[in-house]
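See below for the structure under consideration.
Protein chains in written order, with the working numbering: chain A, 169 to 429; chain B, 587 to 766.
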């Protein structure tokens, strides 16, 4: 009986409270072409990991790399055409900001700076000019997420916006509790992961990158992906049958037993 | 499971796919100079798909210009601009001055069969308002969107939204997957 009560309670609590949309009509014929081009040049990615595995630092370096890449390309083109453009681009202004702020630029709140943690997730736009893609400018929306379990709800919300995640794992610590949680959430939503083993240059890190960390992550990802498959693909009726055959001490339950009303 | 693996030190600012190179850099045998973060950015472009657009308003899916729909993921407040809403644009596009209405979850689920645009919103709960600004964050600096058009797939911050706006949470699809 207790098991059924817990199950019903969980179903009831996962009901969404409110969802907000903004809607209106907007029509323009030339906009459709623009939209298609824009769409293909855009990526949305979230950076997820356990606490202190280096998410915010990674976002910092990503921002710097993107700024450097676009500024180097713009300077090379300006010298070749022999008409230098002295007006600073927005990227250059950002670069100056980055130099002034130092580390953990994305942690902007007072409490975040004081404690050295991320509390609210932050979306930032990276304009990246790729060398290997004919110098085309791409837009990558990078979302930095908090690592603490207390702010797990933030991560859940952010994952609904993105199409892939960068899973950061500390080489010394290996996958931890939050690593498993965020990975399972991402896989349930069908997001593509990219694994980044971080802090490799530390002594504890170098020793473990000979396959040890990789195996740990693979183990976690396989477990979580099979769990995700269980949660998403297998139909509720199958679960009900299993529940009836194995778990229920009271004989069969009908499908009504699982209604949330 | 198929995923690319990178070895990195984000503090030192280098990243590589090769484990031997990673060890060499860690022991200061190889310069980290040529192993920048660009490799990860290129991998994001190659490996991840462009934004998946969920068509929220199924009734109008055949029309070329879908109504603008943004799911609010973060709500903020600015001293000068008032309430701000950040989220992914799932369909359509919007420019400054466009009229928007907040649709609560309850009202969308009941009114999918009715007409498409702002008519099906719950006007008693939320009054329509005009977008006063479309912004994106670059680092921590908020900058106005250059094109001034918020297009589907992008993550933008808009201002001029009513104070009653609430964080929408996840898509309905994500919610259903979560239970049991």
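By construction, the Cβ of each residue, glycine as well, lies at the ideal position given by its N, Cα and C atoms.
None of these values were measured; they are calculated from a predicted model.
- Residue contact with chain B for residue 314 of chain A: absent (no Cβ-Cβ distance below 7 Å to any residue of chain B).
- The C-beta of residue 391 of chain A has fewer than 16 other C-beta atoms within 10 Å across all chains shown, which makes the residue exposed.
- The shortest CA-to-CA distance from residue 213 of chain A to any of A:304, A:277 and A:309 is the one to A:309.
- With a contact defined as Cβ atoms closer than 8 Å, residue 329 of chain A and residue 673 of chain B qualify at about 7 Å.
- Within chain B, 623, 624 and 627 have C-beta atoms less than 9 Å from the C-beta of residue 234 of chain A, given in sequence order.
- When Cβ pairs closer than 8 Å are counted between the two stretches, the region 365-382 of chain A is seen to touch the region 340-350 of chain A, the count reaching three or more.
- A Cβ-Cβ distance of about 4 Å is found for the pair residue 286 of chain A and residue 314 of chain A, placing them in contact under the 8 Å criterion.
- For residue 203 of chain A, the C-beta contacts it makes with chain B under 7 Å involve 679, 737 and 738, in order along the chain.
- Residue 217 of chain A is bridged by DSSP to A:336.
- In this structure, residue 274 of chain A places its C-beta atom within 7 Å of the C-beta atom of residue 224 of chain A.
- Only residues of its own chain outside the window of five on either side were considered, and among them 593, 608 and 621 have a CB closer than 6 Å to the CB of residue 602 of chain B, listed in chain order.
- With contacts defined by Cβ atoms closer than 7 Å, residue 385 of chain A and residue 221 of chain A do not form a contacting pair.
- Listed along chain B, no residue sits closer than 7 Å to residue 305 of chain A by beta-carbon distance, the nearest being about 11 Å off.
- Residues 343, 347, 348 and 351 of the same chain have their beta carbon placed closer than 7 Å to that of residue 388 of chain A, with the five preceding and five following residues left out of the count.
- Using a CB distance below 7 Å, the part of the region 328-349 of chain A facing chain B consists of 328, 329, 331 and 332, ordered along the chain.
- Separation of the CB atoms of residue 292 of chain A and residue 599 of chain B is rounded to 17 Å, and the pair is thereby denied contact status at 8 Å.
- Residue 741 of chain B sits in a strand when the DSSP states are folded into three classes.
- Judged by beta-carbon spacing, residue 290 of chain A lies beyond the 7 Å limit of residue 324 of chain A, meaning their Cβ atoms are not closer than that value.
- Residue 291 of chain A reaches chain B at 672, 723 and 741, counting residues in chain order whose Cβ is nearer than 7 Å.
- Taking 7 Å as the cut-off between beta carbons, the residues of the region 588-606 of chain B near chain A are 589, 590, 591, 592, 593, 594, 595, 596, 597, 598, 599 and 605, in sequence order.
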